[in-house]
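Engineer: Got a structure here, written out as structure tokens. Questions coming.
Chains as they are written, first to last, in the UniProt record's numbering: chain Z, 1 to 241; chain H, 1 to 241.
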């Protein structure tokens with residue numbers, strides 16, 4: 001199994017635990033993150049068989065048809081050409097091999113109390129991610145992207161997170177420490193780019209935190225796609241089987 | 001069981017089939033719709049025990065604590081004071097009785113290809129519903145509304161519709177004939193109110209239909225709440241038990 005964009009190994013631990021017999025090849029671009037990922041897997045999935053590579057997605061040192069499965073979680077949303085990436089990954093899959101792609105879509109963020117300032121702060125994050133070559137609205141596009149990259153049997157399912165005060169672990173773990181933390185992390189860039197004033201930004205963040213308090217609600221949808229590399233298809237550099 | 005806002009009986013049929021032993025009291029405001037609802041139930045749930053009432057939600061001819069369960073689907077989103085309605089309905093529930101509330105939230109509409117014109121057309125529908133005293137963004141508010149109306153044990157779950165070409169029945173039944181049809185129905189009002197030009201509106205609708213074609217995707221979330229009328233609580237006109 002090939003994991004692309006393993007980051008600090010959060011998903012690698014899940015993969016290793018879910019498939020203890022699997023041989024996992026985990027690829028990341030940051031040596032520092034890879035070191036953290038190694039330590040995390042050693043601590044939380046000590047028997048896992050993981051090989052680590054520091055490499056760019058488009059320069060992977062693997063032969064064609066090397067893998068049974070490719071896993072890419074929160075990766076496509078950071079790429080300027082996700083279609084090209086999916087095509088490159090298909091080359092690494094054996095015919096009949098499968099790919100799992102998971103991404104969010106910030107357009108699905110719906111919350112109470114609603115706030116134009118909060119929505120503007122989220123819009124800053126979307127625009128900055130776009131300016132960096134990514135796409136924070138990519139979840140809705142997984143089906144056409146995989147289809148256009150030549151995969152078969154593309155199936156997409158939404159995974160909706162809904163948090164209110166009856167689900168305190170989600171309010172804390174998702175609303176506060178995942179979504180709002182992610183928006184907050186672009187404060188300096190948003191202000192430097194003149195996208196919002198500091199006062200408006202701070203009000204937007206305060207309003208987002210109100211959605212995590214009593215009476216508040218927060219909704220967000222992730223999209224998970226599964227697809228197959230066609231058995232009979234020629235890929236860029238291997239013959240049809 | 002009391003069904004509020006039964007319309008032409010679509011949900012009444014489901015309720016009667018799901019609970020064939022239930023005594024259902026179905027309330028609507030339109031005599032024409034009620035006649036259709038009667039005919040629909042007679043055709044599709046012939047053994048159902050349904051009493052029909054043409055009445056306003058705030059002037060229901062029932063004694064306090066009359067019902068074990070209240071069902072309100074796509075009703076709150078049309079009311080100017082949904083909190084008052086929920087309080088009035090609680091009076092009709094026996095202590096320990098339950099309520100089910102289902103509403104959508106147009107803020108959750110996410111689609112591909114994205115289109116500013118399509119989003120503007122949806123925004124027209126939201127503004128017109130608001131001008132008529134309703135709220136097309138109410139799904140996210142079900143938890144605080146029920147809590148503030150004095151219900152206990154409020155639990156809300158999202159039900160996400162995701163349609164792409166692998167789900168043709170949903171593309172047709174939901175994207176085209178439910179969501180887009182609903183937006184299209186306000187064309188005259190939107191143009192008369194000067195919210196969009198006819199050209200922009202027509203482009204918005206065309207763009208919405210593109211999301212129902214090959215390569216398009218559509219996402220929408222409904223919110224379903226279940227809550228309990230407290231056993232020990234005094235209601236507006238009945239003593240505490």
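Glycine included, C-beta positions come from ideal geometry on N, C-alpha and C.
1) Can you give me the C-alpha to C-alpha distance between residue 146 of chain Z and residue 154 of chain Z, rounded to a whole angstrom?
2) In the DSSP assignment, find the unbroken alpha helix (DSSP H) run with residue 156 of chain H in it and report its ends.
3) For the stretch 56 to 137 of chain H, which segments carrying the alpha helix (DSSP H) assignment without a break, of at least 4 residues, lie completely within its bounds, in sequence order?
4) Per DSSP, which one or two residues make a beta bridge with residue 26 of chain H?
5) Could you tell me which of H/170, H/152 and H/94 sits nearest to residue 165 of chain Z, measuring between CA atoms?
6) Give the interface partners of residue 111 of chain H over in chain Z, defined as CB-CB distance under 7 Å, in chain order.
7) Span of the alpha helix (DSSP H) holding residue 142 of chain H?
8) Could you tell me whether the Cβ of residue 235 of chain H comes closer than 8 Å to any Cβ of chain Z?
9) Relative to chain H, which residues along the stretch 150 to 165 of chain Z have a C-beta separation below 8 Å, given in chain order?
10) Ends of the alpha helix (DSSP H) at residue 14 of chain Z?
11) From the DSSP secondary-structure annotation, give me the bridge partner or partners of residue 221 of chain H.
12) Who are the neighbours of residue 107 of chain H on chain Z, taking C-beta pairs under 7 Å?
13) So, residue 242 of chain Z versus residue 65 of chain Z, is the Cβ gap smaller than 8 Å?
14) For the alpha helix (DSSP H) holding residue 46 of chain H, just list the boundary residues, first then last.
15) Taking residue 10 of chain Z as the query, report the chain H residues whose CB atoms sit under 7 Å from its CB, ordered along the chain.
16) At 7 Å on the CB atoms, spell out the chain Z contacts of residue 82 of chain H, in chain order.
17) Closer than 9 Å, Cβ to Cβ, to anything on chain H: give me those residues from the UniProt domain "Methyltransferase type 11" (2 to 99) of chain Z, in chain order.
18) Alpha carbon to alpha carbon, how far is residue 121 of chain H from residue 36 of chain Z?
19) Of all Cβ atoms in chain H, is any one closer than 8 Å to the Cβ of residue 217 of chain Z?
20) Please confirm whether residue 170 of chain H has its beta-carbon closer than 8 Å to some beta-carbon of chain Z.
21) Which residues bound the alpha helix (DSSP H) around residue 182 of chain Z?
22) By a C-beta neighbour count over all protein chains shown, 10 Å radius and 16 as the cutoff for buried, is residue 144 of chain H buried or exposed?
23) Below 8 Å on the Cβ atoms is my guess for residue 163 of chain Z versus residue 174 of chain Z; work out the distance and round it to an integer in Å.
24) Looking at residue 97 of chain Z and residue 67 of chain Z, is the spacing between their C-beta atoms short of 8 Å?
25) Within 8 Å (strictly less), CB to CB, does residue 177 of chain Z reach chain H?
Structural biologist: Inspection of the coordinates gives the following:
1) 7 Å
2) Careful: residue 156 of chain H lies outside any alpha helix (DSSP H), inside the beta strand (DSSP E) at 152 to 163.
3) 82 to 92 and 116 to 131
4) H/3 and H/52
5) H/152
6) 140
7) 142 to 148
8) Confidence is the limiting factor: at residue 235 of chain H the pLDDT is only 47, short of 50, which leaves the residue's position unreliable, though a coordinate-based value still follows. Chain Z contact via Cβ: absent.
9) 154, 155, 156, 157, 158, 160, 162, 164 and 165
10) 10 to 18
11) H/160
12) 110
13) Chain Z is shown only over 1 to 241; residue 242 of chain Z falls outside these bounds and no answer can be derived.
14) Careful: residue 46 of chain H lies outside any alpha helix (DSSP H) and carries neither H nor E.
15) Here the premise fails: no neighbours, minimum Cβ distance about 24 Å.
16) The premise fails here: residue 82 of chain H is roughly 13 Å from chain Z at the closest Cβ pair, so nothing lies under 7 Å.
17) none
18) 48 Å
19) yes
20) no
21) 181 to 184
22) buried
23) 6 Å
24) yes
25) no
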